[in-house]
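Data block below; observations after.
2 protein chains.
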Amino acid sequence: MLSYQFVRHSVLCVLTAISISCAADPLASWNDGGTKKQIVNFVGDVSRRGSESYIPPAERIAVFDNDGTLWAEQPFYFQLAFALDRVKVLADQHPEWREKVPFASVLRGDLKTVLAGGEKSLGEIVKATHAGMTTDEFEAAVIGWLASARHPETKQPYTKMVYQPMLELLEYLRAHGFKTYIVSGGGVDFIRAFAEETYGIPPEQVIGSRGVYAFEMRSDGAHVVKLSELDLIDDGPGKPVGIQQMIGRRPVIAVGNSDGDLQMLEYATSGAGRRLGVIIHHTDAVREWKYDKSSHIGRLDQALIRAGEQRWIVVDMERDWRQIFPSDP
Amino acid sequence: MLSYQFVRHSVLCVLTAISISCAADPLASWNDGGTKKQIVNFVGDVSRRGSESYIPPAERIAVFDNDGTLWAEQPFYFQLAFALDRVKVLADQHPEWREKVPFASVLRGDLKTVLAGGEKSLGEIVKATHAGMTTDEFEAAVIGWLASARHPETKQPYTKMVYQPMLELLEYLRAHGFKTYIVSGGGVDFIRAFAEETYGIPPEQVIGSRGVYAFEMRSDGAHVVKLSELDLIDDGPGKPVGIQQMIGRRPVIAVGNSDGDLQMLEYATSGAGRRLGVIIHHTDAVREWKYDKSSHIGRLDQALIRAGEQRWIVVDMERDWRQIFPSDP
């Protein structure tokens with residue numbers, strides 16, 4: 170039986186056959202309802218010439234957190250999985266690691282002990298796996314890893330653990346003249362290795378945490394080398410700082426999912442004119458994960474309270490998303 | 170008398186009247202000759218589908234130094250003129266400056282003594298005039314200054330001291346799918362205030378030296394504040410570092426005019442595939458300034474030697490540029 174909705178859509182499509190607006194719904198994975206309507210109305214209002222809220226294309230900047238906003242972040246950040254696997258790859262060059270904390274625990278596959286070591290242990294692992302090579306070498310390592318690594322629970326490639334509704338939203342915004350950026354606490358060189366293919370976001374539109382870089386002339390030419398000292402922690406108040414370093418203007422739209430995105434949301438939405446703040450709330454224990462204020466990863470507490478005060482849109486994954494991952498039915 | 174060149178151009182234009190290639194020469198301020206031909210050939214080769222040297226649009230990154238490459242830098246960097254004028258504007262709030270070096274010299278108009286103080290004096294002046302305010306406030310200060318300030322010798326607004334051939338080259342590259350960036354030793358927030366209007370380069374495509382930024386919540390909302398500590402000196406080896414921070418891929422074209430651009434040129438041109446390095450050589454004492462290896466500003470020595478070894482294009486301003494400034498006849 171054909172639904173009224175379907176017939177209406179078909180008739181409209183025939184009537185306006187030469188218009189591209191008759192393509193399938195660009196936000197098909199979003200359930201119809203208040204959330205979707207608010208987003209569509211906002212984008213329409215700011216991009217329609219003659220509208221009171223019109224924003225010129227050059228100023229249409231939309232920033233997105235990555236972990237937990239564009240792709241999943243459970244049971245632990247995917248970049249940590251890369252770092253742990255990388256320890257194993259590099260172990261032959263570091264025989265001393267077999268006796269040395271935290272590397273010995275990683276090599277034994279004892280993740281619990283690694284995590285118990287807290288930031289100090291993780292910092293050592295990140296330094297050992299993310300520095301001491303050129304940016305080109307690091308990029309190749311990430312691409313190689315992504316090709317074979319699988320998520321521990323879903324057994325999917327990590328780049329398939331992205332949210333279908335967010336892929337559609339990115340594309341929808343770009344179709345309306347927005348420049349889409351990632352602003353992530355994760356490592357910028359890690360994300361740049363896959364963001365263009367996965368999200369359609371080129372390297373120059375990825376902002377993230379980074380170590381210090383150094384220029385080096387070698388016999389085969391000029392290189393940029395990754396050092397182990399931290400240069401920018403692009404999280405919390407570091408996000409507006411990263412945005413100023415890299416973009417130099419206040420975003421119109423900011424989307425995040427945790428307290429680490431609070432300052433970015435404040436920064437974007439306290440600019441003049443129409444602004445949009447969006448928080449992705451992980452509410453779906455069946456199709457994804459359900460967590461907020463008591464989670465160690467992607468903790469969402471203050472930013473959720475602030476969302477109510479500031480009238481940011483809170484996306485309820487269970488209610489608002491018809492489909493979560495691209496491979497979902 | 171009509172030249173053969175003109176007749177040939179006109180005939181071709183009539184024959185292919187619907188083609189946009191018949192518009193006026195997009196590089197009209199460049200004299201015909203080897204330099205122009207090399208640039209046009211390179212751009213054609215890398216942007217023509219099916220060409221052996223074809224480079225996909227996403228990878229077409231062109232980076233330009235600013236001082237001495239896009240606009241003039243004599244008799245001293247224009248940003249220094251801003252800083253000196255700013256000292257005068259702020260003097261009422263700093264009565265102690267009347268007795269304090271180097272501010273007292275600035276207020277007396279004694280530029281010679283200020284410059285004799287070297288980097289230490291200039292550093293103090295830059296800190297006092299470029300920090301302690303929000304990025305929005307600083308931008309307004311620069312825009313206000315540019316509207317009224319005049320070049321000490323030509324009496325032109327500084328934004329008219331740009332090179333007409335470079336404006337054409339920027340536009341020409343963009344018309345061929347290149348993303349044009351500024352990579353300057355000058356302050357990023359200073360350049361961002363005028364780069365879009367002056368060069369068609371948006372703030373997010375300006376890389377420059379910068380101080381540390383801090384995020385601040387105030388009663389009127391969120392701000393990014395400029396602190397006085399230096400964060401990146403985007404000069405010499407700092408240029409490839411800034412490029413990696415902001416772009417994350419190796420540029421295809423790099424254009425500079427001094428030894429401060431050497432590492433950027435090495436970095437761009439030692440990548441795989443076709444690459445173009447260009448050096449603007451200030452050779453025109455009549456229409457602009459003539460200087461290279463013995464100049465304090467825009468010293469060009471090692472990079473000129475290296476240009477010969479690396480076959481970078483050296484633009485001879487006197488020979489290659491028909492017109493220098495937009496207001497020239």
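Chains as they are written, first to last, in this note's numbering: chain W, 170 to 498; chain P, 170 to 498.
Every residue gets a Cβ at the ideal spot worked out from N, C-alpha and C, and that includes glycine.
Between Val-275/P and chain W, the shortest Cβ-Cβ separation is not below 7 Å. In this structure, Gly-380/W sits near Asp-400/W, with a CB-CB distance shorter than 7 Å.
In the structure shown, the three-state DSSP call for Met-330/P is coil.
The segment 339-357 of chain P makes contact with the segment 214-232 of chain P; the number of CB pairs closer than 8 Å reaches 3 or more. With a cutoff of 7 Å on beta-carbon distance, Val-357/W and Val-375/W are scored as near each other. Among the CB atoms of chain W, one or more fall inside 7 Å of the CB of Thr-304/P. Identification of chain P residues near Arg-418/W by a Cβ-Cβ cut-off of 7 Å yields Pro-372, ordered along the chain.
If the five residues before and after Phe-247/W are omitted, its C-beta is found closer than 6 Å to the C-beta atoms of Tyr-327, all from its own chain and listed in chain order. Rounded to whole angstroms, the separation of the alpha carbons of Gly-440/P and Ser-388/W is 13 Å. A straight-line Cα-Cα distance of about 38 Å links Pro-271/P and Pro-334/P. From the listed residues Thr-298/W, Ile-370/W and Glu-268/W, the smallest Cα separation to Glu-398/W is found for Thr-298/W. Under the 10 Å beta carbon count, Lys-289/W is surrounded by fewer than 16 other beta carbons and is classified as exposed.
Cβ neighbours of Val-447/P within its own chain (closer than 6 Å, five residues either side excluded): Val-424 and Ile-482. Asp-201/W sits exposed, since fewer than 16 C-beta atoms from the chains shown fall within 10 Å of its C-beta. Taking a C-beta distance under 7 Å as the contact criterion, Gln-471/W and Leu-431/W qualify as a contact pair. Closest in C-alpha terms to Lys-408/P, from the list Tyr-382/W, Gly-354/W and Arg-418/W, comes Tyr-382/W.
Distance between Ala-300/P and Arg-361/P, taken at the CA atoms: about 16 Å. For Phe-251/W, no chain P residue has a Cβ inside 9 Å of its Cβ, as the nearest lies near 17 Å away. Around the beta carbon of Tyr-223/W, a 10 Å sphere encloses fewer than 16 other beta carbons of the protein chains shown; the residue is thus reported as exposed. Apart from sequence neighbours up to five positions away, the residues of its chain that approach Val-311/P with a beta-carbon distance below 8 Å are Phe-251, Asp-358, Phe-359, Ala-362 and Phe-363, ordered along the chain. Annotation for Asp-305/W: the continuous alpha helix (DSSP H) segment containing it runs 304-317.
The criterion of a C-beta distance shorter than 7 Å is satisfied by Ser-378/W and Ile-402/W.
When only Cα atoms are considered, Pro-372/P and Arg-419/W end up about 11 Å apart. Counted as a single uninterrupted DSSP element, the alpha helix (DSSP H) harbouring Arg-488/P occupies residues 486-489.
In this structure, Met-330/W sits near Trp-240/W, with a CB-CB distance shorter than 7 Å. Against chain W, the beta carbon of Gly-390/P has neighbours under 9 Å at Glu-435, Tyr-436, Thr-438, Ser-439 and Gly-440, listed in chain order. Looking at the backbone, the Cα of Thr-304/W and that of Val-258/W are separated by about 18 Å.
For the segment 334-362 of chain W, the set of residues with a beta-carbon nearer than 9 Å to any beta-carbon of chain P comprises Lys-348, Tyr-350, Val-357, Asp-358 and Arg-361, in chain order. The Cβ atoms of Asp-453/P and Glu-478/P lie no closer than 7 Å to each other. Less than 7 Å separates the beta-carbon of Lys-459/W from that of His-451/W. The beta-bridge partner set that DSSP reports for Met-386/W consists of Ala-391/W. At a cut-off of 7 Å between beta-carbon atoms, Pro-406/P makes contact with chain W.
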